[in-house]
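Everything in the sequence shown is counted per the numbering used here, starting at -19 for the first residue and increasing by one. All remarks here apply to the structure that follows.
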Amino acid sequence: MTAEIIDGKAFAAGLRERVGAAVPAFHKASGRAPGLAVVLVGEDPASQVYVRSKGKATLAAGMQSFEHKLPASVSQDDLIAVVEALNADDMVDGILVQLPLPPQIDEKAVIATIDPMKDVDGFHVVNAGKLAVGEEALVPCTPLGCLMLLKDKLGSLSGLNAVVIGRSNIVGKPMAQLLLQESCTVTVAHSRTKDLPDVVRRADIVVAAVGRPEMVKGDWIKPGATVIDVGINRVPAAEDGKTRLVGDVDYASAAEAASAITPVPGGVGPMTIAVLLRNTLVAAHRRVGLAPPAGL
Ligand code: NAD
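Structure, rendered in structure tokens:
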């Protein structure tokens, strides 16, 4: 079997279009465009790239983008004061503090300051708790994007065996909660899991969010399974000494066994920003008491 490629890039483009198309109606009803504020601390090159592309995508969707750049030496109190000002700013519907933060700052304390209604990353404990008990929440962008791709490919996920590899608060745990909500039988595997290949072999759905290049091999994949590769790993390329991006799944061998698989790049990666825009639009609607548009 050679797997069908799940084209996250195309799906993300469609989602961004649908979000953009819903902005004028929100503007008409509320008198303003939805607004996303991104706070960047320090000069980490990868974070700068992410923040720049988030800002561009926000504007392209017709939303307002607010960027706050703070020096790496900023104190926790000063950063929290910026977040509090954004909480109080009515033009701001979504607040994203780009992680990681410098060592003098407690990430948890900063995230806890974000108004849960504006927590478009879905990292606040209120949103994590709401997701866990099945209440309306803002859900972390990457796992929600993975779920969208899975539902688009498979339709109903009910009764399927899903194995999530990785238990981070950002990807693995919310992914498991989302799959449980879809009535999957969910196993969460992690660094202490015994016989991981055997655990993965039981899965109709495999979501790999580990951060280890090409760890999941093709002979771990049950024939016909659907594989979602969240990993983004930069490895040296043998040919030219440059680096290349690979996922947590050994794509070539896994594609022989799976029925569908996300590539890296071009799979899950583009979904994250698209879902961030979606979350911002949803947060904007909820904040002004409007129902978010259906089908997002
Ligand atoms: P993390 O480091 O916080 O968590 C990794 C998880 O993998 C841990 O729970 C750990 O228990 C598990 N793990 C580590 N080694 C393992 C092993 N040998 N066997 C089984 N499990 C093991 O990472 P994260 O933030 O969840 O990110 C995971 C990957 O996803 C990274 O490659 C990251 O770059 C990528 N990522 C991509 C996006 C995106 O937009 N596509 C977003 C977030 C993260």
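Ideal placement from N, C-alpha and C gives every residue a C-beta, glycine not left out. All values derive from a computational prediction rather than experimental measurement.
Next item on the list: Assuming residue 189 contacts residue 155 (C-beta within less than 8 Å), just tell me the rounded distance between them.
Entry: 7 Å
Check: Can you tell which of 101, 60 and 265 has its C-alpha closest to the C-alpha of residue 75?
Finding: 101
Note to self: Quick check on residue 250: buried or exposed, where buried means 16 or more other Cβ atoms within 10 Å of its Cβ?
What the structure shows: buried
Note to self: Under DSSP, the alpha helix (DSSP H) around residue 236 begins and ends at which residues?
What the structure shows: 231 to 237
Checklist line | Cβ neighbours of residue 130 in the same chain (closer than 7 Å, five flanking residues each side left out) | finding: 137, 185, 206 and 208
Item checked: Complete runs of the beta strand (DSSP E) confined to the region 95 to 157 [at least 3 residues] -> 141 to 145
Check: Taking contact to mean at least 3 C-beta pairs separated by less than 8 Å, is the region 47 to 56 in contact with the region 18 to 27?
Finding: yes
Notebook entry, point to check: Taking a cut-off of 5 Å, which residues have a beta-carbon closer than that to any heavy atom of the ligand NAD, in chain order?
Noted result: 122, 146, 147, 148, 150, 151, 170, 171, 189, 190, 191, 210, 211, 212, 248, 249 and 252
Next item on the list: Using the Cα positions of residue 9 and residue 62, report the straight-line distance between them to the nearest angstrom.
Entry: 28 Å
Note to self: Does the structure place the region 193 to 201 close enough to the region 230 to 239 that three or more beta carbon pairs sit under 8 Å?
What the structure shows: yes
Margin query: Using the three-state DSSP reduction, which class does residue 216 fall into: helix, strand or coil?
Written below: strand
Notebook entry, point to check: Can you find at least 3 beta carbon pairs, one from the region 112 to 128 and one from the region 244 to 264, that sit closer than 8 Å?
Noted result: yes
Checklist line | Through-space distance from residue 238 to residue 168, alpha-carbon basis | finding: 20 Å
Checklist line | Spatial distance of residue 216 from residue 226 (CA atoms) | finding: 10 Å
Notebook entry, point to check: Mind checking whether residue 254 and residue 73 have CB atoms under 8 Å apart?
Noted result: no
Next item on the list: Measure the C-alpha to C-alpha separation of residue 248 and residue 242 and round it to an integer number of angstroms.
Entry: 7 Å
Notebook entry, point to check: What span of residues does the beta strand (DSSP E) with residue 91 cover, start to end?
Noted result: No beta strand (DSSP E) contains residue 91, which is instead part of the alpha helix (DSSP H) from 87 to 93.
Item checked: Residue of 114, 93 and 163 minimising C-alpha distance to residue 142 -> 163
Margin query: To the nearest angstrom, how far is the alpha carbon of residue 24 from that of residue 191?
Written below: 19 Å
Check: Distance, Cα to Cα, residue 176 vs residue 166?
Finding: 14 Å
Next item on the list: Would you give the residue range spanned by the beta strand (DSSP E) that residue 24 belongs to?
Entry: Residue 24 -> no beta strand (DSSP E), and no H or E assigned at all.
Check: Since residue 266 is in the alpha helix (DSSP H), which residue starts that stretch and which ends it?
Finding: 249 to 267
Next item on the list: Spell out the partners DSSP gives residue 46 in its beta bridges.
Entry: 17
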